[in-house]
Structure formats: C-alpha cells, structure tokens
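Visitor: Numbering (the UniProt record's numbering), first residue to last: 1 to 395. C-beta: ideal position from N, C-alpha, C; glycine also.
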C-alpha cells in the first residue's frame with residue numbers, strides 16, 4: 001500500500017501502531033511501500049516529537065546559503081562591471097578587498113550574476129579528446145613561452161590592428177601585448193629583441209604554424225624561428241588545426257578580445273593603451289585558479305639567461321661535417337649543388353654521413369631531411385631505401 005499524497009500523517013501513525021503491535025522493520029517497509037531507512041526515520045521522529053514529528057516539515061534550510069544582503073549583491077554586481085570576471089575570480093578579489101565580509105560561495109555569486117542578467121550563456125560544444133605531442137613541460141618561469149598573433153581586427157578609424165602576444169606558460173604572465181604594423185620578420189623580431197632584453201631568454205617557444213613563426217621550409221623553420229634556434233631556444237609548434245595545443249594562450253586571447261576589442265577603440269593609439277591596461281590588470285590583479293588564485297605577477301621572475309649582444313653561431317658534434325648554404329639556398333656536397341631552401345641562406349648546416357650514398361642534414365638539433373648523394377636530391381621524408389634497410393636489420 002504505497003503512501004498517498006493525502007492523509008499521509010495518518011498512514012505514518014498506522015505504521016507506528018503496527019510496529020508497536022510487533023511488525024518488523026522489513027515487514028513495515030514492504031506493507032507501506034517505503035524503504036527501511038524511511039521506516040527508521042519516522043519511528044525516530046515519533047519517539048522524539050510524538051504525533052507532531054509525523055507531520056510534513058519544511059525542507060527550507062534554517063539559513064539559506066543563496067540569500068545575500070542587498071549590500072553584498074551590489075558589491076558583486078559592481079565587481080562584475082569593473083572586471084568582467086567569472087564568479088570564482090570575483091570571490092577571490094572581493095575577499096582581498098575586504099576579508100571581514102562573509103562573501104557567499106562561488107555558486108551563489110554565479111546565481112547573483114545570472115539573476116541580474118550578467119551571464120552570457122555559451123553554446124555547449126562536444127569535447128574532443130586532446131592528444132598532444134611530447135611538448136616540454138612549463139614547470140617553472142621561462143621554461144616555455146607561448147606566442148601568437150591574435151586575429152586582426154580594425155579599430156574605429158578603419159586601421160588594421162595586429163596584436164602580438166607573448167606569455168609565460170608557467171605563470172601566465174603576459175610579457176607583451178603589442179600592436180605591430182607589419183607582421184613580417186623585421187618588426188616582429190624587434191618586439192622579441194625588446195622582450196628578451198627585459199625578461200631574458202626562455203627555454204622554449206611554442207607557436208602555431210603561421211607566419212612569421214613558421215614556414216613551409218624544411219623543419220618548418222622561418223627566419224624568425226632560425227634566430228630562436230641560434231639563441232639556444234627550443235622551437236615548438238602546435239599541430240595544424242589544433243589550437244588546444246596552445247590552449248592557455250588561446251583562452252587568454254578570448255579574455256583579451258572581450259576586454260579590449262568589444263568594441264574596438266577609436267584609434268590605434270587608444271587601442272594600444274587598452275592593451276597596456278589589460279596587460280597590467282591581467283598580470284597584477286586577475287587571480288588564476290591554476291596558480292592557486294595567485295596573480296601571474298606574483299609567480300613570475302625574469303630568466304637567468306640574458307640576451308647576448310651577438311647571436312652565436314651553431315656548433316655541431318665531431319661526427320658531423322658542416323656546409324654554409326648559398327644565398328640562393330643550395331648546399332654543395334661532393335662538388336654538386338642541391339637546393340634546400342632560401343630561408344637558410346648563409347646559415348651553417350650539419351651533415352651526418354649515413355653511408356656512401358645518404359647523408360642527414362641538420363640545422364642545430366633539428367633534422368631537416370636526407371640528401372641522396374647519387375642523385376643529388378633532397379627529401380624531407382626518410383627514403384624508402386633506408387626504411388627497407390632498417391626493417392631487414394630487425395628481421
């Protein structure tokens with residue numbers, strides 16, 4: 001006999017009387033269609049409160065965690081308008097400003113924002129399993145820097161804006177957020193020179209496959225990444241069409257866009273001022289959950305590797321020969337010139353002899369491909385003849 005919505009107190013009282021007459025807990029649960037736990041609950045309430053304990057009780061908590069004062073609600077709304085952050089970061093910031101106030105939980109702050117129309121619903125997207133190459137771990141300041149040109153846009157007067165962003169992978173410290181008039185090698189390199197002079201050299205730099213960071217040349221190297229390699233910096237690149245490989249930098253870009261380009265400023269000068277203001281706030285005020293709610297500024301320190309006055313030449317091991325690439329991008333081997341790429345003009349490549357026919361070409365630690373000494377041809381893919389030899393050795 002399952003309990004009905006009407007006269008439920010009477011049915012509970014009948015259950016109590018049946019128990020007093022000798023019915024077991026299991027029998028009561030079966031007869032009244034409830035769980036043993038429910039039977040125990042009402043027996044205990046009857047023992048403590050009598051018949052009043054069998055009446056329906058309000059489920060409202062004695063103190064609602066979602067109930068906030070108008071002053072607290074106003075402070076939350078003001079903080080949202082000032083910083084535009086999510087509830088977690090807002091709670092940290094509010095506590096930093098006044099720890100005497102019993103600021104509500106993150107979920108309550110989120111509810112306040114939603115109730116006041118300050119939350120923009122995002123479209124749910126299916127999550128794709130992330131499989132990344134073995135990139136270097138950003139386990140300390142300057143271990144890995146993340147770089148990119150954020151997608152260009154036009155400011156109010158129609159001028160194109162191309163922000164170059166450089167951030168530290170460990171601390172999230174935004175080292176540079178700077179508009180560059182032309183995104184080619186020369187002006188981009190100038191920004192990096194200033195950054196290296198101020199903060200020192202990183203262990204690695206992670207970029208996408210776009211210019212000027214990469215190219216279609218062997219090894220994916222460009223003039224800029226060649227310069228990085230000569231400075232002793234490991235070059236990492238995301239897989240094509242995989243922005244998640246540089247995910248934390250991409251997330252920063254979304255925050256940057258929302259804060260400075262919706263809408264864009266009237267002129268480039270004002271836009272750069274907005275970039276600088278964002279950079280200061282992002283580094284010095286905005287807490288990050290991944291940093292235990294610390295700011296990037298509190299977790300970053302400059303690199304111990306200073307920028308050299310003169311870019312050193314690459315050194316190769318004793319097991320390698322070296323050749324200087326011509327202005328036209330060709331390498332001379334056994335008296336014959338073979339085209340490699342113009343991007344290596346006047347650079348020194350390392351040559352590792354495999355046998356009388358095949359040699360491997362390197363630029364620093366990066367293998368560029370294989371040179372066929374018989375046909376005087378260059379291939380970026382390992383020749384089938386060498387693969388066949390390896391298989392025969394294994395067998």
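Helix, strand or coil: how does DSSP classify residue 11 here?
Guide: Looking at residue 11 - three-state DSSP - the assignment turns out to be helix.
Visitor: To the nearest angstrom, report how far apart residue 214 and residue 376 are at their CA atoms.
Guide: Near 26 Å, if we compare the C-alpha coordinates of residue 376 and residue 214.
Visitor: Would you kindly work out how many angstroms separate the C-alpha atoms of residue 145 and residue 155, rounded to a whole number?
Guide: Computed Cα separation, rounded: 28 Å.
Visitor: For residue 204, which three-state DSSP category applies?
Guide: Strand at residue 204.
Visitor: Use the C-beta contact count for residue 172: other C-beta atoms within 10 angstroms, 16 or more gives buried, fewer gives exposed.
Guide: Classification of residue 172: buried, given that the 10 Å Cβ count is 16 or more.
Visitor: Report all residues from its chain with a CB closer than 6 Å to the CB of residue 73; omit the five preceding and five following residues, and keep chain order.
Guide: Closer than 6 Å at Cβ, skipping near neighbours: 112.
Visitor: Could you check which residue in 11, 82, 200, 137 has the C-alpha nearest to that of residue 307?
Guide: For the residues 11, 82, 200, 137, the minimum Cα distance to residue 307 belongs to 200.
Visitor: Mind checking who residue 144 pairs with in its DSSP beta bridge?
Guide: DSSP output for residue 144 lists 204 as bridge partner(s).
Visitor: Please confirm whether any heavy atom of the ligand PLP lies closer than 6 Å to the CB of residue 72.
Guide: Within the structure as shown, the ligand PLP is missing, as the structure has no ligands at all.
Visitor: Among 36, 313, 329, 354, which one has its Cα closest to the Cα of residue 364?
Guide: Closest by alpha carbon: 313.
Visitor: Three or more beta-carbon pairs under 8 Å between the region 334-352 and the region 280-288, yes or no?
Guide: No, the region 334-352 is not in contact with the region 280-288.
Visitor: Note the first and the last residue of the continuous beta strand (DSSP E) segment covering residue 179.
Guide: Where residue 179 is concerned, the enclosing beta strand (DSSP E) stretches over 174-179.
Visitor: Determine the closest residue to residue 244 out of 340, 135, 179, 265, with distance taken between C-alpha atoms.
Guide: Looking at the Cα atoms, 135 is the closest of the given residues.
Visitor: Starting from the C-beta of residue 222, find all residues in its chain whose C-beta is less than 6 Å away, skip the five residues before and the five after it, and write them out in chain order.
Guide: These residues qualify, in order along the chain: 212, 214, 215.
Visitor: Under the three-state reduction of DSSP, which class applies to residue 34: helix, strand or coil?
Guide: Looking at residue 34 - three-state DSSP - the assignment turns out to be coil, as it is neither helix nor strand.
Visitor: Just to confirm the assignment, what range does the beta strand (DSSP E) spanning residue 360 have?
Guide: Segment 358-363, the beta strand (DSSP E) holding residue 360.
Visitor: Where does residue 107 fall in DSSP's three states?
Guide: Note: residue 107 maps to helix in three-state DSSP.
Visitor: For residue 142, count the other beta carbons within 10 Å of its own beta carbon; 16 or more makes it buried, fewer makes it exposed. Which is it?
Guide: It is buried - the Cβ of residue 142 has at least 16 other Cβ atoms within 10 Å.
Visitor: For the beta strand (DSSP E) containing residue 378, name the first residue and the last one.
Guide: 377-379 is the extent of the beta strand (DSSP E) around residue 378.
Visitor: If the criterion is Cβ atoms closer than 7 Å, does the pair residue 325 and residue 347 meet it?
Guide: Yes, these two residues count as a Cβ contact at 7 Å.
Visitor: What is the DSSP secondary structure of residue 16, counted as helix, strand or coil?
Guide: Helix, per DSSP.
Visitor: Could you say which of 89, 330, 160 lies nearest to residue 182 if we only look at CA atoms?
Guide: Of 89, 330, 160, the residue nearest in Cα terms is 160.
Visitor: Would you report the Cα separation of residue 338 and residue 162, rounded to the nearest angstrom?
Guide: Going by the C-alpha atoms only, they are around 38 Å apart.
Visitor: Tell whether a beta-carbon distance below 7 Å holds between residue 80 and residue 118.
Guide: Cβ atoms of residue 80 and residue 118: closer than 7 Å.
Visitor: How would you call residue 101, buried or exposed, if buried means at least 16 neighbouring beta carbons within 10 angstroms?
Guide: Residue 101 comes out exposed.
Visitor: Let's see if you can read the secondary structure: which residues bound the beta strand (DSSP E) around residue 339?
Guide: Looking at the DSSP string, the run of the beta strand (DSSP E) that includes residue 339 is 336-339.
Visitor: Here's a check: name, in chain order, each residue in its chain whose Cβ is nearer than 7 Å to the Cβ of residue 153, leaving out the five neighbours to either side.
Guide: 161, 261, 264, listed in sequence order.
Visitor: What residues in its chain sit with their C-beta under 7 Å from that of residue 95, if we drop five residues either side in the sequence?
Guide: Hits under 7 Å: 103.
Visitor: Would you mind working out which of 269, 386, 167 sits nearest residue 301, comparing C-alpha positions?
Guide: It is 167 whose Cα lies nearest to the Cα of residue 301.
Visitor: Kindly identify the DSSP beta-bridge partner or partners of residue 401.
Guide: One cannot answer for residue 401 here, as it falls past the ends of the chain, which runs 1 to 395.
Visitor: Whose CA, out of 207, 177, 210, lies closest to the CA of residue 194?
Guide: For the residues 207, 177, 210, the minimum Cα distance to residue 194 belongs to 177.
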